[in-house]
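K.L.:
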Amino acid sequence: MAPLSIAIDGPAACGKSSLAKALARRIGLYHLETGGLYRSVALFFLERGGPTDDPHRILDLLPEMDLSIRPDGSSSREIHFFLGDRDVTVDIRSETVGKWASTVATIPAVRTYLLPVQRHFAENDRIVMDGRDIGTVILPDASLKIFLSAPAATRALRRWLQLGGENAPQSLQEIQDDLEERDRQDLARSIAPLTRASDAIDLDNSRMTIDESVDWVIERLPK
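Mapping of the sequence shown onto full-length UniProt numbering: residues 1 to 223, in sequence order.
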């Protein structure tokens, strides 16, 4: 089977992971959501008193972090995130962890720590990865690069419904405000900001289902 690598970049809550996961299942790829790595690091720091801007404390804590990624062994070829022997794949999905993940991703020592982890996994010959700098940093030679987008209001509504709608721990407006702030952080940060690769294809999925988005991507795969 010929090698294939797909990079999906885009802002927070635009559906990158959902698209990558569905695409992986449809055409038999490994899926690594790199945001899960930063969320795992954020969880690690939060459980030890919270992320900090003190580089010395960060450097002291990083060697203690036993972070690994493992295929779940199912036909979906999904990846689970572990801290030691603890599967944190579900724990890292909280809004608190998500907010801190953007901060953690700006810390040079953290990015240096995670880069070989990501690149090592990317050596697999059939993979889809999603994040904010996959097409520009992690997989610059990807077979196909997608830049996914949707307005903040659309992304906030999706996240609000995902969190339970009226039972969500945050209001729709609070979620939208948080997403817009994360967008500003991701675009402005000096370390690996959210960037569209020059050879990426744009996909606004505001009015598309996941299946329609998968079909759209498959139509653009290299022949």
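Beta carbons are placed, not taken as given, at the ideal position from N, Cα and C, and that holds for glycine.
Count the other CB atoms within 10 Å of the CB of residue 33; is the residue buried (16 or more) or exposed (fewer)?
P.N.:
Taking the sequence shown and counting its residues from 1, the one referred to as residue 33 is at position 33. Per the 10 Å Cβ criterion, buried.
K.L.:
Excluding sequence positions up to five away, which residues of its chain have a Cβ less than 8 Å from the Cβ of residue 201?
P.N.:
As a working mapping, residue 201 is identified with position 201 in the sequence shown. If we look at residue 201 and ignore the five residues flanking it on each side, its Cβ neighbours are 144, 145, 146, 147, 220.
K.L.:
Using only CA atoms, which one of 29, 80, 37 lies nearest to residue 101?
P.N.:
Start at 1 with the first residue of the sequence shown, and residue 101 comes out as number 101. Out of 29, 80, 37, 37 has the C-alpha closest to the C-alpha of residue 101.
K.L.:
Between which two residues does the alpha helix (DSSP H) holding residue 168 run?
P.N.:
On the sequence shown, residue 168 is found 168 positions in, with the first residue counted as 1. Looking at the DSSP string, residue 168 is not in any alpha helix (DSSP H), and its letter there is neither H nor E.
K.L.:
Would you check if the region 182-198 and the region 126-139 touch, i.e. whether three or more CB-CB distances between them fall below 8 Å?
P.N.:
The region 126-139, when compared against the region 182-198, does touch it at the 8 Å Cβ threshold.
K.L.:
State whether the region 154-167 contacts the region 78-91, with contact taken as three or more CB pairs (one from each stretch) at a distance under 8 Å.
P.N.:
The region 154-167 vs the region 78-91: no contact.
K.L.:
Taking 8 Å as the limit between beta carbons, can you name the residues of its chain near residue 254, skipping five residues before and five after?
P.N.:
Given that the chain is displayed from residue 1 to residue 223, the structure contains no residue 254 and the question cannot be resolved.
K.L.:
Quick one: measure Cβ to Cβ for residue 98 and residue 39, integer angstroms, because I've assumed they're closer than 8 Å.
P.N.:
The residue given as residue 98 occupies position 98 in the sequence shown. The residue given as residue 39 occupies position 39 in the sequence shown. Confirmed, Cβ separation roughly 7 Å.
K.L.:
Can you tell me whether residue 16 is buried or exposed, with buried defined as 16 or more other CB within 10 angstroms of its CB?
P.N.:
Taking the sequence shown and counting its residues from 1, one reaches residue 16 at position 16. Buried, since its Cβ has 16 or more Cβ neighbours within 10 Å.
K.L.:
Identify which residue in 56, 61, 35 has its Cα closest to the Cα of residue 46.
P.N.:
Translated into the one-based positions of the sequence shown, residue 46 becomes position 46. Checked all of 56, 61, 35; the closest Cα to residue 46 is 61.
K.L.:
Under the DSSP definition of a beta bridge, which residues are partnered with residue 130?
P.N.:
In the sequence shown, the residue the question calls residue 130 occupies position 130. Answer by DSSP bridge pairing, in chain order: 8, 33.
K.L.:
Could you tell me which residues DSSP puts in a beta bridge with residue 70?
P.N.:
To locate residue 70, count along the sequence shown from 1; it is residue 70. Beta-bridge pairing links residue 70 to 80.
K.L.:
In the DSSP assignment, find the beta strand (DSSP E) that holds residue 107 and state where it starts and stops.
P.N.:
Numbered from 1 along the sequence shown, position 107 holds the residue referred to as residue 107. From DSSP, residue 107 is part of no beta strand (DSSP E); its letter is neither H nor E.
K.L.:
Output the boundary residues of the alpha helix (DSSP H) element that contains residue 27.
P.N.:
Along the sequence shown, read from residue 1 onward, the residue named residue 27 stands at position 27. Unbroken alpha helix (DSSP H) run through residue 27: 16-27.
K.L.:
Taking residue 213 as part of the alpha helix (DSSP H), name the residues at either end of that continuous run.
P.N.:
In the sequence shown, the residue the question calls residue 213 occupies position 213. That run of the alpha helix (DSSP H) goes 210-219.
K.L.:
What is the rounded straight-line gap between the Cα of residue 191 and the Cα of residue 104?
P.N.:
Position 191 of the sequence shown, counted from the start, is the residue given in the question as residue 191. Position 104 of the sequence shown, counted from the start, is the residue given in the question as residue 104. One C-alpha to the other measures close to 11 Å.
K.L.:
On a CA-only basis, which of 204, 87, 114 is nearest residue 71? Give me that one, please.
P.N.:
For the purposes of this step, residue 71 is taken as residue 71 along the sequence shown, with counting starting at 1. Cα-wise, what sits closest to residue 71 is 87.
K.L.:
How would you label residue 59, buried or exposed, when you count the other beta carbons within 10 angstroms and need 16 or more for buried?
P.N.:
Taking the sequence shown and counting its residues from 1, one reaches residue 59 at position 59. Exposed, because fewer than 16 other Cβ atoms sit within 10 Å of the Cβ of residue 59.
K.L.:
Any idea which residues DSSP pairs residue 145 with across the strands?
P.N.:
For the purposes of this step, residue 145 is taken as residue 145 along the sequence shown, with counting starting at 1. Bridge partners of residue 145: 7.
K.L.:
Looking only at its chain, what residues have a beta carbon closer than 7 Å to the beta carbon of residue 91, apart from the 5 residues adjacent to it on each side?
P.N.:
As a position in the sequence shown, residue 91 is number 91, starting the count at 1. Cβ within range, chain order: 43.
K.L.:
How about residue 10 and residue 213: do their beta carbons lie closer than 8 Å?
P.N.:
Position 10 of the sequence shown holds residue 10. Position 213 of the sequence shown holds residue 213. Not in contact: residue 10 and residue 213 (Cβ atoms no closer than 8 Å).
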